[in-house]
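Q:
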Amino acid sequence: MASEEKPLVVVTCTAPVNIAVIKYWGKRDEDLVLPINSSLSVTLHQDQLKTTTTAAISKDFTEDRIWLNGREEDVGQPRLQACLREIRRLARKRRSTGDEDPPPLSLSYKVHIASVNNFPTAAGLASSAAGYACLAYALARVYGVDSDLSEVARRGSGSACRSLYGGFVEWQMGERADGKDSVARQVAPESHWPELRVLILVVSAERKLMGSTAGMRTSVETSPLLRFRAEAVVPGRMAEMTHCVRERDFQGFGRLTMKDSNQFHATCLDTFPPISYLSDISRRIVRLVHCFNAHHGQTKVAYTFDAGPNAVVFTLDDTVPEFVAAVRHCFPPESNGDKFLKGLPVRPASLSDELRAALDMDPTPGGVKYIIATQVGPGPQTLDDPHAHLLGPDGLPKPAA
Ligand code: DP6
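Residue numbers (this note's numbering): 74 to 474.
Next comes the structure, spelled out in structure tokens:
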């Protein structure tokens, strides 16, 4: 039976967080969300970090509505409106060129959306990327769209288009003025590099001071270094990073990840007035990583920082226990010793006297609040279990949602 004849069509999807190792910073078109350079990211596993979104359409709904983490939010928000417009345009296009005509009624149906994160929003953990990717994916399912969703997700938040795929993902900047070639593509699937691990060092769970959108706008307007980066540095780095991923070359991958993060933060400092996302603790983590690598005589761990002070550290599975012990040594947990480590289990390890001496840092108690241990993961999923729906049969959030 065609979906439009059902009283309520409801789907629930999940989508992952991604962390860029070649950063996106700066738009050439604010409206279409087109970047000034390509970027490349690693999709994190949804067992640890994910957004879950339910979308429902019904002829009985009188307006579009959205609830985030249980609270109703303004559906008129421009980015959300852009995503809704775009998905309905794609649905109309598909129907008019395809097999189904006349256009189904469902296209005119209003939508109810409910979305939750299993991690703190706006803690600098790229919640908007998972959120808009999940929104695009769920809307596509409910309106019957199966075309490329890069544009829909991108209109919500640029980095969101990279959360549409698992594994290692590039967002090609594209050249066209209409943005049709500004799309996300998978570089390698999640199974490609099974030893790769990701440790998120949560430094502060507070809301960030300057959002990415406003920050990058000021950088585009004022930073000559950013322009140089986009034109002369990133193209070569995209090729090099793709090669490192394909070859599973951790040394090359790690070094380039750190350099690109550092250059992104240098462009922030080159912005006028300057922007600084890193805190003293972030800088201590940078030092810790370099001391750790120097001690081992090779790149064993690599940091990257987005628009906030939390560090995301890449390493291989055999290095995780020792590095976690080093973090504990430098940032002794204050009261939550047992909850310091979340996510994948980590074998306890002790630090050698040599490494302890090499770290050469006075401990900062409580500097790192907790660590989330995770790995590379798959792209968005559709949940078949009706219990997973965040909206009830009346189209309103279930009490627990
Ligand atoms: C530093 O995608 O949040 O995390 O497109 O304005 O929503 P908007 O920006 P957003 O920027 C992400 C910036 C970054 C780097 C990255 O993820 O590539």
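Backbone N, C-alpha and C fix where the C-beta goes; we use that ideal spot for every residue, glycine too.
Kindly indicate which residue of A430, L417 and G240 has the alpha-carbon position closest to the one of L113.
A: Cα-wise, what sits closest to L113 is G240.
Q: Where M311 and D467 are concerned, what is the direct C-alpha to C-alpha distance, given to the nearest angstrom?
A: For M311 and D467, the distance between alpha carbons rounds to 48 Å.
Q: With 8 Å set as the bound, which would you pick, yes or no: does the beta-carbon of D343 sit closer than that to a beta-carbon of chain D?
A: In the structure shown, chain D cannot be found, because there is only a single protein chain.
Q: Quick one: give me the first and last residue of the beta strand (DSSP E) that R138 is part of.
A: Here the beta strand (DSSP E) through R138 covers R138 to L141.
Q: With A129 and L464 assumed to form a contact (beta carbons below 8 Å), what rounded beta-carbon distance in angstroms separates them?
A: The pair is a contact, with the Cβ atoms about 5 Å apart (cut-off 8 Å).
Q: Keeping to the same chain, check which residues put their C-beta closer than 7 Å to that of V106; ignore five residues upstream and five downstream.
A: Excluding residues within five positions, the ones whose Cβ falls inside 7 Å are K100, R227, R228 and G231.
Q: Leaving out the 5 sequence neighbours to the left and right, which residues in its chain are closer than 6 Å to P262 when beta-carbon positions are compared?
A: Excluding residues within five positions, the ones whose Cβ falls inside 6 Å are G240.
Q: Pull up the CB-CB distance for R270 and V393, whole angstroms please, since I reckon it's below 8 Å.
A: Indeed they touch by this definition, with Cβ atoms about 5 Å apart.
Q: Within this structure, are the beta carbons of T127 and T85 separated by less than 8 Å?
A: Against a cut-off of 8 Å, the Cβ pair of T85 and T127 comes out as a contact.
Q: If you draw a straight line from the C-alpha of G439 to the C-alpha of I358, how long is it?
A: Spanning the two alpha carbons is a distance of roughly 13 Å.
Q: Under the three-state reduction of DSSP, which class applies to N366: helix, strand or coil?
A: Three-state DSSP puts N366 in a helix.
Q: Does the Cβ-Cβ distance between S236 and A202 come in under 8 Å?
A: In contact: S236 and A202 (Cβ atoms closer than 8 Å).
Q: Spell out the partners DSSP gives V477 in its beta bridges.
A: Beyond the ends of the chain as shown, which are 74 and 474, falls residue 477; an answer cannot be given.
Q: For a test of your reading of the model: does the CB of V115 fall under 7 Å from any non-hydrogen atom of ligand 1? Yes or no.
A: Result no, Cβ not under 7 Å from ligand 1.
Q: For a test of the three-state rule: what should DSSP assign to A461, helix, strand or coil?
A: Three-state result, A461: helix.
Q: Using a Cβ-Cβ cutoff of less than 8 Å, which residues in the same chain neighbour S76 once the five nearest sequence positions on both sides are dropped?
A: Here S76 scores only 45 on pLDDT, less than 50, and its place in the model should not be relied on; the value that follows carries that caveat. Contacts found: V82, P177, S179 and G217.
Q: Can you tell me where the beta strand (DSSP E) holding T373 begins and where it ends?
A: For clarity, residue 373 is Lys in the given sequence; the question names Thr instead. First-last for K373: undefined, no H or E at that position.
Q: Going by the C-beta, is M283 closer than 7 Å to any heavy atom of ligand 1?
A: False, no ligand heavy atom lies under 7 Å from that Cβ.
Q: Mind reading off the beta-carbon distance from S200 to N191? Whole number of angstroms is fine, and I expect it under 8 Å.
A: About 10 Å separates the two Cβ atoms, so there is no contact after all.
Q: Ordered along the chain, which non-local residues of its own chain (more than five positions away) have a Cβ less than 8 Å from that of V385?
A: Closer than 8 Å at Cβ, skipping near neighbours: I92, V271, L272, I273, L274, Y376, T377, F378 and D379.
Q: Just to confirm my understanding: we take A209, look at its own chain, exclude 5 residues before and 5 after, and list those with CB closer than 8 Å. What are they?
A: Excluding residues within five positions, the ones whose Cβ falls inside 8 Å are C156, I160, L222, V225, A226, G229, A233 and L237.
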